[in-house]
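Position 316 (the sequence shown) corresponds to 316 in the numbering used here; numbering is contiguous.
Don't be surprised by glycine CBs; every beta carbon is placed ideally from N, CA and C.
On a predicted model such as this, the values are computed, not experimentally measured, just so you know.
Here's the structure we're looking at; comments come further down.
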Amino acid sequence: MSQAISALQKARLAYSPKLPDVFKGEFAIEYGETVLPVATHQDEIKMLFPGSYGKPMARIVAGKSNLPTDAITVGVVLSGGPAPGGHNAIAGLFDALKKANPENRLVGFLNGPKGVFTGKYIELTKEVVDSYRNTGGFDMIGSGRDKIESPEQLNGCEKTLKALKAVALVIIGGDDSNTNASILAEHFIARKLPVQVIGLPKTIDGDMRNEFIEASFGFDTASKVYAELVGNICRDSMSGRKYYHFVKLMGRAASHVALEVALQTQPNYAIISEEVQEKKLTLSKVVDEISDMIVRRAEAGKNYGVILIPEGIVEFLSDFGAMLEDIGHALGQYESDFDGMTDVAERSDLLASKLRADNAAVYKGLPFNVQVVLTVRDPHGNLLVSQIESERVIIEAVEQRLDKMKKDGKYNGKFAALAHFFGYEGRCVQPSNFDADYCYALGYTGAQLIRAGLTGYTVSSMNLAAPVSQWQMGGVPVTSMLTLEARKGNLKPVIRKALVELDGAPFEAFQKARETWKTEDAYLFPGPIQYFGPSDVCDAISMTLALESTKR
Ligand code: FBP
1 MSQAISALQK ARLAYSPKLP DVFKGEFAIE YGETVLPVAT HQDEIKMLFP GSYGKPMARI
61 VAGKSNLPTD AITVGVVLSG GPAPGGHNAI AGLFDALKKA NPENRLVGFL NGPKGVFTGK
121 YIELTKEVVD SYRNTGGFDM IGSGRDKIES PEQLNGCEKT LKALKAVALV IIGGDDSNTN
181 ASILAEHFIA RKLPVQVIGL PKTIDGDMRN EFIEASFGFD TASKVYAELV GNICRDSMSG
241 RKYYHFVKLM GRAASHVALE VALQTQPNYA IISEEVQEKK LTLSKVVDEI SDMIVRRAEA
301 GKNYGVILIP EGIVEFLSDF GAMLEDIGHA LGQYESDFDG MTDVAERSDL LASKLRADNA
361 AVYKGLPFNV QVVLTVRDPH GNLLVSQIES ERVIIEAVEQ RLDKMKKDGK YNGKFAALAH
421 FFGYEGRCVQ PSNFDADYCY ALGYTGAQLI RAGLTGYTVS SMNLAAPVSQ WQMGGVPVTS
481 MLTLEARKGN LKPVIRKALV ELDGAPFEAF QKARETWKTE DAYLFPGPIQ YFGPSDVCDA
541 ISMTLALEST KR
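This is the structure:
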């Protein structure tokens, strides 16, 4: 960390994250019910993970401690995209380990999973950890998107952890990284090695959650940052009265971020990918709806507005779904042909030649830069959705539609559109009080799962809408969250992504209000995250979490 720090950084270094009351006195681990994966894939998951399948839930409860205090060495790695609060997760882990036994050691693997299998790490001392408390970013040790899957990678991890005499590795990541955790845990069980693997739920996308993990960390802060920016854009829009702002919001597949920001700011229109999928909407249908709204607003003298677009929209449009599936298969089947091919035009032509004729036609009809992005996948087989300029594709389609309507005498307004993408702006922000507390509690709990000897678990968290003192922390077996999904055309075990539920409280609240937002300017202006001040301002939880808790 550089020497010069801002006044806010200085003040935040002094913030003490709140911990659930259960950690204030003596506590123990209690085991509960066994949770199994979705019925459709139980046999396959059991076969792939014989050693870690069918384990019970673990809960932290007040009572006489049943946790050992022997000195141990633990490794930690940050995996995937950054999310606000990662440094606090490490601080919570560090403090809990040191509290259990001051001789305990924590090492941080550098630049993601590859740091584990290539043995690159630093010692996380008090001095290092103290200088990152309550800061944003993942720069304390860096992050990366490598998989831990191949025999070489698994053996590399084994070699490194053995050399360090580490009893456990904590993987801080999203669905793919927690899947890595279960693969590695199973590897150590099969090899009868005493190395445990514990995962922590991180991702701004908000899609790594279920009844046992009520939130992934980073979602709260990132959504608040985007909501501030969208609120500012709404105000600019109704001040200048001349632009339509099309704002794409990060969140790879699920629309949780777009929905949360819509609830916080009440824009004129927000696309929710899961609804698009449910209604089997095509791009043209989505454009119909947006154009109709623009026409109605023009009739009321309003040639401005704000429209939110979730990052993952292309994968949910019915006219793109079949093509993307075909692309996934082609990239998997002809992987060696694409490897090393750097000329983007050649890549795009090769891909088109491997697709079914109808899909190739849709593909070649896309802007060239979108075609290029579609020829690449991340190491986990995910589409690089953040690089697809869907906001520009939609603007162009709306423009064409409005031109036609104008010619047909059905529209008489002015349409000037601006495109925005808010994503990277929100991932390394200093965590909100919620994320600062939550991450610290996650790390603190992770240390207890290690002390209990558990492996193949992700830290669980319940009752998060209540004050921190009442949060219920524990562990959920990763295998219970696994399903099988096609990645590059092959079925792979992955943690089931939590998509927006159309019968869930957040979507219902949005659905109830959205008609009014189309024509009236019902914008809300959440403003910047506040760290100090009245609790209802600076400790506010996300609307998603608040609304969901009303349905539990
Ligand atoms: P994680 O799932 O690793 O948390 O990353 C989420 C995310 O921020 C997505 O919202 C986005 O699509 C992607 O990362 C961008 O990835 P990259 O940082 O590799 O550009």
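Checklist entry - Is ILE307 helix, strand or coil by DSSP? => result strand
Item to check | ARG191 - DSSP class collapsed to helix/strand/coil | outcome: coil
Item to check | Alpha-carbon to alpha-carbon, SER348 and GLN387 | outcome: 16 angstroms
Item to check | Own chain partners of VAL372 with C-beta closer than 8 angstroms, once the 5 adjacent residues on each side are dropped | outcome: VAL344, ARG347 and SER348
Next on the checklist: Within a Cβ cutoff of 7 angstroms, which residues of the same chain sit near PRO493, ignoring the five residues on either side of it in sequence?
Outcome noted: ILE45, LEU48, THR179, LEU482 and LEU484
Item to check | SER255 versus HIS87: straight-line alpha-carbon distance, rounded | outcome: 26 angstroms
Checklist entry - Excluding five sequence neighbours on each side, which residues of the same chain lie with their C-beta closer than 6 angstroms to the C-beta of LEU384? => result VAL373 and VAL376
Checklist entry - What's the call for MET1, buried or exposed, on a 16-neighbour Cβ count within 10 Å? => result At MET1 the pLDDT is 48, less than 50, meaning the model places this residue with poor confidence and gives no usable figure here.
Next on the checklist: Whole angstroms are fine: how far does the CA of GLU152 sit from the CA of LYS114?
Outcome noted: 11 angstroms
Next on the checklist: Considering Cα atoms alone, identify which of ILE171, ASP539, VAL398 and ARG487 is closest to PRO467.
Outcome noted: ASP539
Next on the checklist: Just verifying my parser: in three-state terms, what is the DSSP assignment at LEU19?
Outcome noted: coil
Next on the checklist: Suppose you measure from the CA of SER318 to the CA of SER284; what does that come to, to the nearest Å?
Outcome noted: 10 angstroms
Next on the checklist: On the CB-based measure, 16 or more other CB atoms within 10 Å of its CB, does GLN3 come out buried or exposed?
Outcome noted: exposed
Checklist entry - Mind checking whether ASP326 and LEU350 have CB atoms under 7 angstroms apart? => result no
Checklist entry - Going by the beta-carbon positions, is the gap between ASP437 and PRO17 smaller than 7 angstroms? => result yes
Item to check | Proximity below 7 angstroms, CB of ALA185 to CB of GLY474 | outcome: no
Checklist entry - Which of the three DSSP states, helix, strand or coil, is assigned to LYS224? => result helix
Checklist entry - Looking at the structure shown, is GLN400 part of a helix, part of a strand, or coil, going by DSSP? => result helix
Checklist entry - Would you say PRO174 touches the ligand FBP, meaning its beta carbon is less than 6 angstroms from a heavy atom? => result First, the amino acid is wrong: residue 174 is Gly here, not Pro. GLY174: yes, Cβ under 6 angstroms from the ligand FBP.
Checklist entry - Where do the N-terminal and C-terminal ends of the alpha helix (DSSP H) with ILE294 fall, by residue? => result 283–299
Next on the checklist: Whole angstroms are fine: how far does the CA of TYR523 sit from the CA of MET543?
Outcome noted: 16 angstroms
Checklist entry - When you compare each of TRP471, CYS234, VAL195 and PHE338 to ALA452 by their alpha carbons, which one comes out closest? => result VAL195
Checklist entry - Secondary structure at LEU383, three-state DSSP: helix, strand or coil? => result strand
Checklist entry - For ASP326 and chain B, any beta-carbon pair shorter than 7 angstroms? => result In the displayed structure, chain B is absent; only one protein chain is listed.
Checklist entry - With which residues is THR73 paired in a DSSP beta bridge? => result ARG105
Checklist entry - Which full runs of the alpha helix (DSSP H) of 4+ residues lie inside the region 114–138, going along the chain? => result 126–130
Item to check | First through last residue of the beta strand (DSSP E) which encompasses ARG377 | outcome: No beta strand (DSSP E) holds ARG377; DSSP gives it neither H nor E.
Checklist entry - Grouping DSSP H, G and I as helix and E and B as strand, with all else coil, what is ILE213? => result strand
Item to check | Spatial distance of GLU103 from PHE94 (CA atoms) | outcome: 11 angstroms
Item to check | Any non-hydrogen atom of the ligand FBP closer than 6 angstroms to MET250 Cβ | outcome: yes
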